[in-house]
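In the UniProt record's numbering, the protein residues as written are 1 to 554.
Each residue gets a CB set at the ideal place from its N, CA and C atoms; glycine is no exception.
First the structure, in the form of structure tokens, and then the observations on it.
In structure tokens form, the structure reads like this:
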């Protein structure tokens, strides 16, 4: 997996969301990027038009996320863009090492933003704090508190006291003065009488001559011109002062703007240097993490080698222990075989003794049967007559009873529609409903139902003969026939304790017997609570069998 952020996997979605926030006509004013699970592929986690308050609820403690929002600067009422890099406190340490380098790559993707905020908890992304950072970034801190700007009084033009002064016309002034003096005096004779009367005193003011009046006017005009010149100079000085003040204000504003621009550039430079420093630090951390991973891998390899060596040593010891166990088991098996041979020898001796006892009992029973044959010889004629009557009765009942069979083996009904069979009893009215199952009725008529066909043998009946012919032709039974009839009759044999098998059992040892379900085991000896010894259903094999596989017959 690459260590860099992958913008290509979801490039179209990332670009569309970014352009939507940039567009003033689009209501979307924030977006949030996060990583695909287990990779560095960046994806759009969400967008919205609810502003910073809505964006605040989208940050998660266990994720690295990047937000981009459009806000309104409270100072300039212009849109500003905020880039937020979020690294939650629950992010694994292995992922935190890539955060600083990834922030630089994502900030390059967001080419236009005014404020960058690196956040690690919810206090860093409070909407009020973000708006404060936006307001400070504009540089106009005097308007942070929303004070209304005071209107500056309009600069009015400075009033002038200058009045245009006409240049005095000296000739015209002299002519005007001459008109006011009146006509000239009449010329008299050379003789003039002498008047002795005193002349009146002249006035205090004497207009004087024409030249004195003109000079005064010239002097007055000059003073007025000088006064007007001074007024013009004063007015010009005021205008110059106002212009200087305006120029100073412009220069001060320009210097302030330059200072703010320089401060912004310095801040951006500082942030860039800080980002570069963080990137370098992240790179160092990544290299250190890689080195640590390599060292950890080497340590794990060494530990695995040591463990493999220890396991090999343990395996060798285990092999030796197993070999010792095999030797011990072989010795134990030899000992067991010796004991088993001795036990089998004892069992064979016991079986031979039991067989000898059984043979003796058979001889005794044969002797008893011979005595019974002698006693029944006198009843031969009566038996012949009785046989003829029985044959006639059989011929009469054959039409009603159908086929009949004798039970060869006992059978216990397993279902409600089955019939229990007793060895030696007769089943009549047999209906061969299936190849393996027949239906019949007991001879006494008390029970009926299905039973397995291989547990019985059909009785073959001869053609019926007339009673007279049967009676006349029936020979008297000989002693040999009487003995055979006695042997065919069921004889109660002393089988000792017996049991019926509940389940199939296959012998697992040479000294055990095998049997199937419903087989009969006789001459049982209770050698232990769990294992008994008896004669198998074949009547020959003697051996052990599990006691819980049979049901003891009372």
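Across which residues does DSSP place residue 41 in a beta bridge pair?
-> Indexing the chain shown from 1 puts residue 41 at position 41. Bridge partners of residue 41: 6.
What does a CB cutoff of less than 7 angstroms around residue 5 pick up in its chain, not counting 5 residues either side in sequence?
-> Here residue 5 corresponds to residue number 5 of the chain shown, with the count starting at 1. Correct list, in chain order: 40, 42, 102, 105 and 106.
Do you know offhand how far residue 421's Cα is from residue 524's?
-> Numbered from its first residue, the chain shown carries residue 421 at position 421. Numbered from its first residue, the chain shown carries residue 524 at position 524. About 23 angstroms.
Assign residue 456 to one of two classes, buried (16 or more other C-beta atoms within 10 Å of its C-beta) or exposed (fewer than that).
-> The sequence position of residue 456 within the chain shown is 456, counting from 1. Residue 456 should be labelled buried.
Cα-Cα separation, residue 257 to residue 27 = The residue labelled residue 257 in the question sits at position 257 within the chain shown. The residue labelled residue 27 in the question sits at position 27 within the chain shown. Going by the C-alpha atoms only, they are around 33 angstroms apart.
How long is the line joining the alpha carbons of residue 110 and residue 270, rounded to whole angstroms?
-> For the purposes of this step, residue 110 is identified with residue 110 of the chain shown, where counting begins at 1. For the purposes of this step, residue 270 is identified with residue 270 of the chain shown, where counting begins at 1. Cα to Cα, residue 110 sits roughly 18 angstroms from residue 270.
DSSP bridge partner residues for residue 358 (one or two, in chain order) | The residue given as residue 358 occupies position 358 in the chain shown. According to DSSP, which records beta bridges pairwise, residue 358 is partnered with nothing at all.
When you compare only the Cα positions, how much space is there between residue 142 and residue 227?
-> If you number the chain shown from 1, residue 142 lands on position 142. If you number the chain shown from 1, residue 227 lands on position 227. Because residue 142 sits at a pLDDT of 44, beneath the cut-off of 50, its placement in the model cannot be relied upon, and the point is left open.
Using a Cβ-Cβ distance under 8 angstroms, would residue 351 count as near chain D?
-> Protein chain content of the structure displayed is limited to a single chain, and chain D is not contained in it.
Cβ neighbour criterion (16 or more within 10 Å) applied to residue 445 | For this step, residue 445 is matched to residue 445 along the chain shown. Label assigned to residue 445: exposed.
Where does residue 382 fall in DSSP's three states?
-> Working through the chain shown from its first residue, we reach residue 382 at position 382. Residue placement at residue 382 is poorly supported in this model, since its pLDDT is 48, which falls under 50; the coordinates are not used for a value here.
Measure from the alpha carbon of residue 32 to the alpha carbon of each residue in 346, 84 and 53, then state which is nearest.
-> As a position in the chain shown, residue 32 is number 32, starting the count at 1. Residue 32 has its Cα closest to that of 84, out of 346, 84 and 53.
According to the neighbour-count rule (16 or more other Cβ atoms, all chains shown, within 10 Å of its Cβ), is residue 515 buried or exposed?
-> Counting from 1 along the chain shown, the entry for residue 515 is found at position 515. When all chains shown are included, residue 515 counts as buried.
Rank 553, 265 and 530 by C-alpha distance to the C-alpha of residue 497 and give the top, closest one.
-> To locate residue 497, count along the chain shown from 1; it is residue 497. The shortest Cα separation from residue 497 among 553, 265 and 530 belongs to 553.
Which whole-angstrom value is the C-beta distance of residue 437 and residue 430, which I expect to be below 8 angstroms?
-> In the chain shown, residue 437 corresponds to position 437, counting from 1. In the chain shown, residue 430 corresponds to position 430, counting from 1. Going by Cβ atoms, the distance from residue 437 to residue 430 rounds to 11 angstroms, so no, they are not a contact pair.
Mapping DSSP to helix, strand and coil, what is residue 78?
-> Counting from one through the chain shown, the residue named residue 78 turns up at place 78. Three-state result, residue 78: coil.
Pull up the distance between the alpha-carbon of residue 466 and that of residue 402, whole angstroms please.
-> As a working note, residue 466 is residue 466 in the chain shown. As a working note, residue 402 is residue 402 in the chain shown. Only weak support is given to the placement of residue 466: the predicted model assigns it a pLDDT of 42, under 50, and the value that follows is read from those uncertain coordinates. Rounded to the nearest angstrom, the two C-alpha atoms are 20 angstroms apart.
Give the C-beta separation of residue 134 and residue 80 to the nearest angstrom, bearing in mind that I take them to be a contact with Cβ-Cβ under 8 angstroms.
-> Along the chain shown, read from residue 1 onward, the residue named residue 134 stands at position 134. Along the chain shown, read from residue 1 onward, the residue named residue 80 stands at position 80. Yes, residue 134 and residue 80 are in contact; Cβ-Cβ is about 5 angstroms, under 8 angstroms.
Going by beta carbon distance, what residues of the same chain come within less than 7 angstroms of residue 519, once the five residues before and after it are set aside?
-> In the chain shown, counting from the first residue as 1, residue 519 sits at position 519. Within the same chain, residue 519 has close Cβ partners 501 and 537.
Three or more C-beta pairs below 8 angstroms linking the segment 87-94 and the segment 123-133 | no
Contact check, residue 545 vs residue 517, beta carbons under 8 angstroms | For this step, residue 545 is matched to residue 545 along the chain shown. For this step, residue 517 is matched to residue 517 along the chain shown. Against a cut-off of 8 angstroms, the Cβ pair of residue 517 and residue 545 comes out as no contact.
With a threshold of 16 other CB atoms inside 10 Å of the CB of residue 424, please say whether the residue is buried or exposed.
-> Numbered from its first residue, the chain shown carries residue 424 at position 424. So residue 424 counts as exposed.
Would you tell me roughly how many angstroms separate the C-alpha atoms of residue 55 and residue 138, rounded to the nearest one?
-> Position 55 of the chain shown, counting from 1, holds the residue named residue 55. Position 138 of the chain shown, counting from 1, holds the residue named residue 138. Those two C-alpha atoms are separated by around 23 angstroms.
With distances taken from CA atoms, which of 63, 60, 29 and 64 is nearest residue 48?
-> Looking up residue 48 in the chain shown gives position 48. The shortest Cα separation from residue 48 among 63, 60, 29 and 64 belongs to 29.
Below 8 angstroms on the Cβ atoms is my guess for residue 451 versus residue 411; work out the distance and round it to an integer in Å.
-> Position 451 of the chain shown, counted from the first residue, corresponds to residue 451. Position 411 of the chain shown, counted from the first residue, corresponds to residue 411. The Cβ separation is near 6 angstroms, so the contact holds.
Alpha carbon to alpha carbon, how far is residue 50 from residue 298? Give it in angstroms, no decimals.
-> One-based indexing of the chain shown puts residue 298 at position 298. One-based indexing of the chain shown puts residue 50 at position 50. Approximately 52 angstroms, taken between the alpha carbons.
Measuring alpha carbon to alpha carbon, tell me which of 24, 67 and 38 ends up nearest residue 44.
-> Mapped onto the chain shown, residue 44 falls at position 44. The shortest Cα separation from residue 44 among 24, 67 and 38 belongs to 67.
Identify every residue that forms a DSSP beta bridge with residue 512.
-> As a position in the chain shown, residue 512 is number 512, starting the count at 1. Residue 512 pairs with 544.
May I ask you to list the residues that DSSP assigns as paired with residue 418?
-> Here residue 418 refers to the residue found at position 418 of the chain shown. DSSP lists 450 as partners of residue 418.
Secondary structure at residue 15, three-state DSSP: helix, strand or coil?
-> Working through the chain shown from its first residue, we reach residue 15 at position 15. Reduced to three states, the DSSP call for residue 15 is helix.
Reducing DSSP to helix, strand and coil, say where residue 104 ends up.
-> On the chain shown, position 104 is the one that residue 104 refers to. Looking at residue 104 - three-state DSSP - the assignment turns out to be helix.
For residue 328, the residue or residues it bridges with in DSSP = The residue labelled residue 328 in the question sits at position 328 within the chain shown. According to DSSP, residue 328 bridges with nothing at all.
Taking only the alpha-carbon atoms, compute the straight-line gap between residue 363 and residue 404 and give it to the nearest angstrom.
-> Working through the chain shown from its first residue, we reach residue 363 at position 363. Working through the chain shown from its first residue, we reach residue 404 at position 404. So the alpha carbons of these two residues sit roughly 34 angstroms apart.
Alpha-carbon to alpha-carbon, residue 327 and residue 315 | Numbered from 1 along the chain shown, position 315 holds the residue referred to as residue 315. Numbered from 1 along the chain shown, position 327 holds the residue referred to as residue 327. Cα-Cα distance, rounded: 18 angstroms.
Which of helix, strand or coil DSSP assigns to residue 214 = Stepping through the chain shown from its first residue, residue 214 is reached at position 214. Of the three classes helix, strand and coil, the one that applies to residue 214 here is helix, per DSSP.
When we look at the beta-carbon of residue 282 and count the other beta-carbons within 10 Å, is it buried (16 or more) or exposed?
-> Locating residue 282 in the chain shown gives position 282, where the first residue counts as 1. Buried, by the Cβ-count rule.
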